[in-house]
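Participant: So the protein sequences, as listed, match chains A and B.
Counting in the UniProt record's numbering, the first sequence runs from 1 upward without gaps.
Counting in the UniProt record's numbering, the second sequence runs from 1 upward without gaps.
Here a beta-carbon is modelled for each residue, glycine too, at the ideal position from N, C-alpha and C.
Note that the coordinates shown come from a computational prediction; the quantities given were computed from them, not determined experimentally.
Okay, handing you the structure first.
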Amino acid sequence: MEQQRTLSGSSQSPRSPSSSPPFLSVSVTDPVKLGNGVQAYISYRVITKFIELLLSSLLFTAVLMCVVGPFLIRRVGTRKWNLDPQTNFPDYQGPEKIVIRRYSDFVWLRDRLFEKNKGIFIPPLPEKSAVEKFRFSAEFIEMRRQALDIFVNRIASHHELQQSEDLRLFLQAEEETMERLRSQETGIFKKKPSDLMQIFKDVQSKVSDAVLGKEKPVEETDPEYEKMKHYVFELENHLAEAQKHAYRLVKRHRELGQSLSDFGKAVKLLGASEGDSLGKAFSELGIKSEILSAKLQKEAHQLLMNFEEPLKDYVRAVQSIKATIAERASAFRRQCELAETMKLKEINLDKLMLIRSEKVAEAEQEYKEASFLKYPPLKAESEQATKTFETIVKLMNEEMGRFQEQKTLDMGIAFHEFAKGQARLANGIADAWRSLLPKLEACSSS
Amino acid sequence: MMNHASHDDGMESLVLNDDDDSSVHPLRPTPPQSPNSPFNSFLDPPSYADAIFTSFDSNGQDQTPAPSASDHFLHISVSDPQKEQDLSASLVPGATTFYTYLITTRTDSATEFSVRRRFRDVVTLADRLSEAYRGFFVPVRPDKSTVESQVMQMQEFVEQRRAALEKYLRKLAAHPVIGRSEELRLFLEAQGRLPLAKTTDVASRMLDGAVRLPRQLLGGEAEQVEVAQPAKGGRDLLRIFKELKQSVTNDWGGSKPLVVEEDKEFMERKDKLGEFENHLSNVSQQAESLVKFQQDMGETMGELGLAFVKLTKFETEEAIFESQRVRAADMKNVATAADKLHEYLGTMLAVNNAFSDRSSALLTVQTLSSELASLHSRVEKLEVASSKIFGGDKSRMRKIEELKEAIKVTENAKICADREYERIKENNRSELERIDKERNSDFLSMLRGFVVNQAGYAEKMAAVWEKLAEETTAYSKDSS
């Protein structure tokens, strides 16, 4: 049902309100299962379009859409379009590009963006599910596809992230290139998850710092930041609970639907054995029950996609913030360490100056030579670390505001869809039962 | 004898008193269903209390009885359960207690009288009636207890019994023959102790647990146990129903057929009813499942609502950005809606299992069959006895007069039994016609009630969601 979204740009995506005018519109479509057994994976078609140029290439696009089959790989013309040189936008091939990507490619993109944009909340990815992978139910595939689509579009509409060269590679590189890039990063970034876990623990509890061998926990003492950290961690707990119940609600709909179906069948049997007007009445009841069963199953699916999934997405987003918090702690520590080191070196220098001046000259010379040849000047490095940290702080503040706004919008939409869906269901149920009444009347009078 | 027209009027007027006199309402007291609510809007679905205890004979029709063509009309109500002590014979120090109910009768000649009866008296009445009115479809009395003692509150149990008694007595009153019977009259009018002898007739014991008919009929056991243990309501009724089905199918499908029924028409109808009974029991089970799943849904809605309440509180307390406050307000609306749903789903379920209550219509047929069976067995016994007299040991031969007398007595008894059997068969036929019609209208009422209830609640729930959709309409894609 979400297949029709191919033409919608990120500005129309319900869960990614544009924070800046998108140059790109991306669609993740046509999931195809490839490979066998443990090696099985899903490939997706990622279609990138340029909004600006869409009108002029509308006919072209329309033809393209008609011709493209579900499992074909298509390439579009390789004309290069120069975009407004004032932006730092990388050169995108256009007006449209279609590539094939798999889940690990998305992970690559996320990791690269995370590494290079510290302070920014990177949009979250759907979970890597080792278990469900084997089953690959249609529902799982659709949910993942939707989540990946939203992921890419959020990046494309983020004013900083959209300028990333990594994004361009992801959207445009040939499949072989992508594969090469992906395998290159295995060494560095595969460590990331465990590192992050370690850092989470540090951030969360000062005690673990001592356990891990850090004598003095080096942390920020900004009370507002403390408050924000606490908020983020608490929020995740609350959201996870809401999401859990939302998922249960989906299950309940399915169960009730099944029960109505069984009930309907039993009533129909009753009607068949009875005959006459009473039998007819029972049969009608049975038929209605089965209709309502179908409605419930349908609503269960809607609920899963439009209510439970947004909540899950919210939880993931909060986890992404936690990763940024860890980065900030890391940056803060680095800044402190370097500042410490510099201070120590200066103290040493002073000491030496007091003892013997010749030694001092030597030491200074040594120091300068060594640092010039091998390492960047300590002072520069320290200044860099400070700058990095301060950038993160600034970005995080901006990001937090943006995040809150976006989430209010996302959840508002989810609630609205939830309410509409439930109202539709309830009305459908009421109508179905009501329509039975005149039939019952007819039975009793006959 | 059968005045169908008046009977139908009688049935129509057999509506239950939703706003009954009983002061015992342990459950949520919401206003009773508006008696004149049209089908298209259901403003107040029945409360939990009303729902459990009313049947679906009433579908919002006028509760005051229409002036009937019958010259004999009784309006009965049962109320005011009171605990009393059994001062007589109790071996254990400390008297046993039981409940009595005030039974008020108003006749069409506007006389009114009341008596106080306990459940044991009702059992006596039922037994006497079933003895006296063999061949008629005697309404089945309320159960003594259900299979095992349950956790129902005493108050709930008493209220349930009160309602069931009322229903039963009204049915008796509405029956064209039994309504005029002496036994019923005595029950309703005679002050003080009930002047009806208890019987040892066992056929009426069928409903009380898994009693097996053949053993009872041949063994002649008498059980006088009155168990005052509360019942659990719908689910145990089902269990009885199932056990009953079990025992009946065992009887009739068993190796020893007690009766060789020559009346083909009757057998066909009985078979058909048996089949119907199976299907109905199946439906009843499914209906109970349905109830359970609706209950689960309600529970989860409640939990969801609670989770959002917590989120609302959290966001409000920690709010730095305006967007957080807006979101908190949205979440509160969701929580409110979910909670309302939780409430509705909780109250509607008890009413769903109207199907289990329909056992009465069917079981009377089984009662009838057992009557026939018992008669036949008596006839058989008599024949056996008489053959003994004829072909017995010469050394035990009696005087000729005594012999002749014995033969005559036995033969007369047999003739009586045969005649009674024929009478019952004749009653059967006309009763079957009557019960068919009654059953049809009963079931249709029940269906109507079920459907009305479901539709009514669905409407209410739709309204809740529509409100939430209104509150969040700013976020909809259409409006932006």
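For the beta strand (DSSP E) containing residue 97 of chain B, list its first residue and its last residue.
Facilitator: Run containing residue 97 of chain B: 96-107, per the beta strand (DSSP E) assignment.
Participant: When the Cα atoms are used, what is the spatial distance from residue 283 of chain B to residue 425 of chain A?
Facilitator: Distance between the alpha carbons of residue 283 of chain B and residue 425 of chain A: 24 Å.
Participant: By the criterion of Cβ-Cβ separation under 9 Å, what are the contact partners of residue 484 of chain B in chain A?
Facilitator: What is shown of chain B runs 1 to 480, which leaves residue 484 of chain B out entirely.
Participant: Alpha carbons only, please: which of A:408, A:377, A:403 and A:338 is nearest the one belonging to residue 385 of chain A?
Facilitator: That would be A:338, whose Cα lies nearest to the Cα of residue 385 of chain A.
Participant: Look up residue 43 of chain A in the DSSP assignment and say whether it is helix, strand or coil.
Facilitator: Residue state, collapsed to three classes: strand.
Participant: Excluding the 5 residues preceding and the 5 following residue 273 of chain A in the sequence, name in chain order all residues of the same chain whose CB lies nearer than 8 Å to its CB.
Facilitator: Here the set comprises 279.
Participant: For a test of the three-state rule: what should DSSP assign to residue 191 of chain B, helix, strand or coil?
Facilitator: Residue 191 of chain B falls in the coil class under three-state DSSP.
Participant: How many angstroms separate the CA atom of residue 463 of chain B from the CA atom of residue 327 of chain A?
Facilitator: Approximately 48 Å between the Cα atoms of the pair.
Participant: If you drop the 5 nearest sequence neighbours on each side, which residues of the same chain put their C-beta closer than 7 Å to that of residue 253 of chain A?
Facilitator: So the qualifying residues of the chain are 296, 299, 300 and 303.
Participant: Please tell me whether residue 121 of chain B has its Cβ less than 9 Å away from any Cβ of chain A.
Facilitator: No, residue 121 of chain B does not count as interfacial toward chain A.
Participant: Who are the neighbours of residue 427 of chain A on chain B, taking C-beta pairs under 7 Å?
Facilitator: The answer, in chain order, is 462.
Participant: Establish whether the CB of residue 396 of chain A and some CB of chain B are separated by less than 9 Å.
Facilitator: Residue 396 of chain A does not count as touching chain B.
Participant: By how many angstroms is the C-alpha of residue 475 of chain B removed from the C-alpha of residue 27 of chain A?
Facilitator: Going from the Cα of residue 27 of chain A to the Cα of residue 475 of chain B covers about 23 Å.
Participant: Residue 467 of chain A versus chain B: which residues are under 8 Å apart at the beta carbon?
Facilitator: Outside the shown range of chain A, which is 1 to 446, sits residue 467 of chain A, and nothing can be said about it.
Participant: Considering only C-alpha positions, which residue in the set A:263, A:276 and A:277 is nearest to residue 287 of chain A?
Facilitator: The option with the nearest alpha carbon to residue 287 of chain A is A:263.
Participant: Examine chain A for any beta-carbon lying closer than 9 Å to the beta-carbon of residue 342 of chain B, and answer yes or no.
Facilitator: No - not a single Cβ of chain A is within 9 Å of the one on residue 342 of chain B.
Participant: Classify residue 76 of chain B: buried if its beta carbon has 16 or more other beta carbons within 10 angstroms, exposed otherwise.
Facilitator: Classification of residue 76 of chain B: buried, given that the 10 Å Cβ count is 16 or more.
Participant: Am I right that residue 183 of chain B and residue 129 of chain B are in contact with their C-beta atoms under 8 Å? What's the rounded C-beta distance?
Facilitator: Confirmed, about 6 Å.
Participant: Would you call the region 303-312 of chain A and the region 386-395 of chain A in contact, with 3 or more CB pairs under 8 Å?
Facilitator: No: fewer than three Cβ pairs fall under 8 Å.
Participant: Tell me, please, which residues DSSP counts as bridged to residue 50 of chain A.
Facilitator: Bridge partners of residue 50 of chain A: A:24.
Participant: Are there 16 or more other CB atoms within 10 angstroms of the CB of residue 116 of chain A, so buried, or fewer, so exposed?
Facilitator: Exposed.
Participant: Since residue 330 of chain B meets chain A, which of its residues come closer than 7 Å, beta carbon to beta carbon?
Facilitator: Near residue 330 of chain B (Cβ distances below 7 Å), the residues of chain A are 411, 412 and 415.
Participant: Buried or exposed for residue 276 of chain A, please, with buried defined as at least 16 other CB atoms from any protein chain shown within 10 angstroms of its CB.
Facilitator: Per the 10 Å Cβ criterion, exposed.
Participant: With DSSP collapsed to three states, give me the class of residue 74 of chain B.
Facilitator: Strand.
Participant: Could you name the residues of the same chain whose beta carbon sits closer than 6 Å to that of residue 302 of chain B, not counting the 5 residues immediately before and after it, in chain order?
Facilitator: Counting only Cβ-Cβ distances below 6 Å, and skipping sequence neighbours, we find 342.
Participant: What residue from A:227, A:105, A:119 and A:89 has the CA that sits closest to residue 320 of chain A's CA?
Facilitator: The candidate whose alpha carbon is nearest that of residue 320 of chain A is A:119.
Participant: Mind checking which residues open and close the alpha helix (DSSP H) that includes residue 120 of chain A?
Facilitator: Here residue 120 of chain A belongs to no alpha helix (DSSP H), and DSSP marks it neither H nor E.
Participant: So, does the CB of residue 315 of chain A fall closer than 9 Å to a CB anywhere in chain B?
Facilitator: Not an interface residue.
Participant: Since residue 218 of chain A is in the beta strand (DSSP E), which residue starts that stretch and which ends it?
Facilitator: No beta strand (DSSP E) contains residue 218 of chain A, which DSSP labels as neither H nor E.
Participant: Output yes or no for whether 9 Å exceeds the beta carbon distance between residue 165 of chain B and residue 123 of chain B.
Facilitator: Not a contact, by the Cβ cut-off of 9 Å.
Participant: Do you know offhand how far residue 237 of chain A's Cα is from residue 305 of chain B's?
Facilitator: Cα-Cα distance, rounded: 16 Å.
Participant: So, using beta-carbon positions, are residue 469 of chain B and residue 419 of chain A closer together than 9 Å?
Facilitator: It is a contact, given that the beta carbons lie within the stated cut-off.
Participant: I'd like the list of long-range same chain contacts for residue 38 of chain B, defined as Cβ closer than 8 Å, with 5 residues on each side in sequence excluded.
Facilitator: Note that residue 38 of chain B scores a pLDDT of 33, beneath 50, so its modelled location is shaky and nothing firm can be said.
Participant: Excluding the 5 residues flanking residue 466 of chain B on each side, which residues of the same chain have their C-beta closer than 7 Å to its C-beta?
Facilitator: Nothing meets the Cβ criterion.
Participant: With distance defined between alpha-carbon atoms, name the residue in A:123, A:167, A:140 and A:112 nearest to residue 184 of chain A.
Facilitator: Considering only alpha carbons, the answer is A:112.
Participant: Helix, strand or coil, according to DSSP, for residue 477 of chain B in the structure here?
Facilitator: It is coil, neither helix nor strand.
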